[in-house]
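Please read the structure below before turning to the comments.
Chains as they are written, first to last, in the numbering used here: chain X, -10 to 393; chain F, -10 to 393.
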C-alpha cells in the first residue's frame, strides 16, 4: 500500500475520554516517583461489600460458561427486589435487561430509540461518554445549557421545548447528575414528563447515582412515572457506584415498553451475555447490609462538604454546592483547563505530589463551552480531598497561563 | 398515549439469535422434567483451567474498581506472549486491544472499517451474530455462498471479486469456521490477501477457534500476513473457547494499523473497561499447561469423529467432515429446520430426553438458504454425542413434516 487505507469516517470522530486521555501523563509522573491523586474518574476508594468479595472467593462454577443473555436469574431477582424496595413494586424481571455496565444500557437506549441522524436532547454539561455512544450510533446530541448560577438545574420548559425538532426522539437526563452533582427536583421531573407526553418523545434517565443525594434530598426516579408513561420511559442503571464495584461491569436497562425490551434482548443475544462471575457476584446486592450503604452515603456527603468548603475559599473558583452524586463542575481562573490539567501532571509538584482532574470541555457538546472548567470526582477520603484543595490553591498561584 | 411510541426502525431488525431463540421451549421442556441435551450453543463442557479457577478464588483486590480501557497490563503481556509463542514476535502490546469477548472485537472492527451502508463480504453460512453487529452499525453484509459439496471452502477468486463494489470496505472471515468447521488453507488465505491488496480492502479474521484444527491440519492465521498488509489486517480473538471460559467475556482486537488502534481505544474508553476480575483471571492464560490444551484438542477431535461417523450413517443427512472448530452444518431430510428444532423441544421425547439444535437459516444472509440445515455444536462428551445421533435418527423417523 502506498497510502494508508482509510478507516471509517465515524471512527476518527469518537473522542478520547476527557476522563482518561491524560492518563499517560499521570503514568509518566508516577514513573518518576510522584504521587498522583486521582480526582479525574468516578472510581471510588470505598471497599466492595464483603458479601460480594466472598462470592468471588467462593466461586465454584466450573466451567465458567456463558451466562443468560437476558440476565442470570439470581441477578434479575435481586434487581427486581431492589426496585420493589424503592417502592416500584409494579416492576417484573421481564422489565429488566442486565447490561455490561451502565455504559451498555445507555448505548442500547440510544440505538433503540433513534435511527441515524435522529436527535436526543441533553443538558450540558453532561456525562462525556454520552458523546461516544451517540457517535457510535450516529445520533445527534442537542445540548441545552445549564449553568453554575442555577446550580445546573433545568431551564424553563419553553427553553427545552424550543430545541425539539421533527428529528427529536428522546430526552436524556442523569440524576443525580454526573458531572454537576445536581439532583433534579420532583417539579423538574414532572416538567420533563409533561414535555415527553406533549411531544411524544422517549425519556431516558441515567440513575447510576440514585442513592447519592445530600442535605436530606431524595432523588425522584423516572420509575415514579413509569406506570404513567410506560411506552416512553427507559431507566438506565448500574451497580458500579452504589456497591463500589465499577470493575464488575454490571448495569441494567429498565422499561415497560415490550418492543424496547424485546429489541434489547436481541442485541443482548448478539453479544451473548454479560460476564457470568460478574452477574453472580452482583446478585449478592440483596445481602449488602443497609448500614454499609448508609455509611457510604454519609462518607460522600462529608467529602462533598470538605471539598465544597475548601474550594469556595479559593479566589476565583466558582462552585455551586453539589447536591448529589460525587462530582462537581468547578470554574477556575484560567483560560484552558485542558492545558492546566496536563500541566498539573507534567510540571506541577508539591512535596513530590500532584493531582489529576478531568478538563470539562469534553462534558459539553457546544464548542468552546467549559474551557475554564474541570470536573472533580470526590472519590478519595477527606484527608486526600483536603490535600487536593491545598494543591489546587498552590497550583493556581503559580500556573503560568493563569488569567489575572 | 393512544398508540405506542415507535422505536427505532433499526431496533426491530436486530434478529433473535438462532442459537438462543428456542431457549424458552427448552426451558419449558426442562420444567416438565425432560432432559435436554444442548447442541445449540458453543458453550463447551470442558473444565476451565485450574489456574484460572484458583485466580478467581484467590481474589483479593478491593475495591473491584475500573480496569484499564486498553486492557490490564498482565493480560496484555500474557496475550502478547501467547502470540509470540505462535511465531508472531513482531507484535507489541500496543497492537492488542482487550475487548469484552470476541463479540466486541467483531463489532468494533465493523464500526472501524465501515460507515453506514458500506459493505462487507462474508462467506455464508457465517456466524449468525455477524448479522446483529452489522445491523447495529448499519453495515451491509454481502454473502458469498459456500456449500457442503466443497466442504464449505472458498469459491474461486473471480467469484469473490465480482461481489466487490465501490461500497465494499472489508472481507470478514472465520477460520476455523463457525458454523461450518472449515479450516481455510494457506492457499485460500493467500488468495484473500491478494484480493484485499488488489482492491484496497480490510481483511477481518475471526480466529476464536485457532487451536481447533484436526487431522493434522494447522490453522493459517491472518497474523502470518500482518507484516505484509499491516494497514489492512485486523485479527479478532477470544479466550472463550481456547480456555473454556465463555463466561469471562474477554477477547482481543489485534492490528498494526495505528489509526484503527487509536479509534478502538477511544471506543473502549467510552465503555470504560472490560471486567477487572475477568481480565486478571484471563491473564493466567500463560500459566495454562500445554497438556491441558492438548487434551482439549484431542477430546474435540474425538467428538468430531463420533458425531461425523454417526450422522453420515443416517439416511438423508448431509455432512461434510468438519476440519476444525466444534461446529458443523448438517443438511436434514426435512423442509423447515426451525420448525423441526422447535418440535424437538415441544413434542419429541425419547425416554424423557430430547435435544436442542440451532436452525441454520440464521447463519445465512440470503433469504431461503439453510432452511433444511441445522448447526450442531459438539460441545458435549462422546456419550452425549452418541445419544444425540440416536435421538436425531429417531426424531427424523417420526417427524411429521419430513420430506419423503
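Ideal Cβ placement from N, Cα and C applies to all residues, glycine included.
Note the first and the last residue of the continuous alpha helix (DSSP H) segment covering residue i.
| i | result |
| --- | --- |
| residue 377 of chain X | 371 to 387 |
| residue 289 of chain F | 279 to 301 |
| residue 208 of chain X | Neither: residue 208 of chain X is in no alpha helix (DSSP H) and is coded neither H nor E. |
| residue 149 of chain X | 146 to 150 |
| residue 329 of chain F | 326 to 335 |
| residue 124 of chain X | 118 to 125 |
| residue 63 of chain X | 62 to 74 |
| residue 405 of chain F | As displayed, chain F neither begins before -10 nor continues past 393, which places residue 405 of chain F out of reach and without an answer. |
| residue 44 of chain F | 39 to 46 |
Just grab the DSSP bridge partners of residue i for me.
| i | result |
| --- | --- |
| residue 132 of chain F | F:111 |
| residue 26 of chain X | X:344 |
| residue 313 of chain X | X:202 |
| residue 242 of chain X | X:86 and X:225 |
| residue 320 of chain X | X:307 and X:362 |
| residue 235 of chain X | Answer is none; residue 235 of chain X lacks a bridge partner. |
Note down, in chain order, each residue of its chain lying with its Cβ closer than 7 Å to the Cβ of residue i, except the 5 sequence neighbours on either side.
| i | result |
| --- | --- |
| residue 371 of chain F | 291, 292 and 295 |
| residue 98 of chain X | 193, 223, 225 and 242 |
| residue 24 of chain F | 341 and 342 |
| residue 267 of chain X | 237, 238 and 239 |
| residue 170 of chain F | 311, 312, 313, 314, 316 and 317 |
| residue 274 of chain F | 67, 71, 228 and 232 |
| residue 405 of chain F | As shown, chain F starts at -10 and ends at 393. That puts residue 405 of chain F outside it, with no answer to give. |
| residue 331 of chain X | 11 and 14 |
CA-CA distance, residue i and residue j?
| i | j | result |
| --- | --- | --- |
| residue 87 of chain X | residue 115 of chain X | 24 Å |
| residue 38 of chain F | residue 373 of chain F | 22 Å |
| residue 366 of chain F | residue 310 of chain F | 14 Å |
| residue 242 of chain F | residue 198 of chain F | 15 Å |
| residue 289 of chain X | residue 207 of chain X | 15 Å |
| residue 323 of chain X | residue 53 of chain X | 51 Å |
| residue 378 of chain F | residue 43 of chain F | 36 Å |
| residue 263 of chain F | residue 236 of chain X | 8 Å |
| residue 318 of chain X | residue 272 of chain F | 37 Å |
| residue 219 of chain X | residue 363 of chain F | 39 Å |
| residue 283 of chain F | residue 76 of chain F | 18 Å |
| residue 381 of chain F | residue 28 of chain F | 11 Å |
| residue 40 of chain F | residue 269 of chain F | 12 Å |
| residue 1 of chain X | residue 124 of chain X | 10 Å |
| residue 155 of chain F | residue -3 of chain X | 14 Å |
| residue 162 of chain F | residue 249 of chain F | 18 Å |
| residue 188 of chain X | residue 58 of chain X | 33 Å |
| residue 203 of chain F | residue 46 of chain X | 37 Å |
Leaving out five residues before and five after residue i in sequence, what residues of the same chain have Cβ atoms less than 6 Å from its Cβ?
| i | result |
| --- | --- |
| residue 127 of chain F | 105 |
| residue 211 of chain X | 194, 222 and 224 |
| residue 173 of chain X | 164 |
| residue 234 of chain F | 37 and 228 |
| residue 7 of chain X | 117, 347, 348 and 351 |
| residue 458 of chain F | Because chain F spans -10 through 393 in this model, residue 458 of chain F falls outside it and cannot be assessed. |
| residue 305 of chain F | 322 |
| residue 401 of chain X | A query on residue 401 of chain X cannot be resolved here, the shown segment of chain X reaching from -10 to 393 and no further. |
| residue 353 of chain X | 113, 114 and 359 |
Mapping the DSSP letters down to three states, classify residue i as helix, strand or coil.
| i | result |
| --- | --- |
| residue 348 of chain F | strand |
| residue 17 of chain X | helix |
| residue 224 of chain X | strand |
| residue 175 of chain F | helix |
| residue 158 of chain X | strand |
| residue 82 of chain X | helix |
| residue 31 of chain X | coil |
| residue 275 of chain X | helix |
| residue 339 of chain X | strand |
| residue 103 of chain X | coil |
Quick one: give me the first and last residue of the beta strand (DSSP E) that residue i is part of.
| i | result |
| --- | --- |
| residue 192 of chain X | 191 to 195 |
| residue 364 of chain X | 362 to 366 |
At the 9 Å Cβ level, is residue i part of the contact set with chain A, yes or no?
| i | result |
| --- | --- |
| residue 299 of chain F | This model lacks chain A altogether, as its protein chains are X and F. |
Here's a check: name, in chain order, each residue in its chain whose Cβ is nearer than 8 Å to the Cβ of residue i, leaving out the five neighbours to either side.
| i | result |
| --- | --- |
| residue 301 of chain X | 308 |
| residue 303 of chain X | 378, 381, 382 and 385 |
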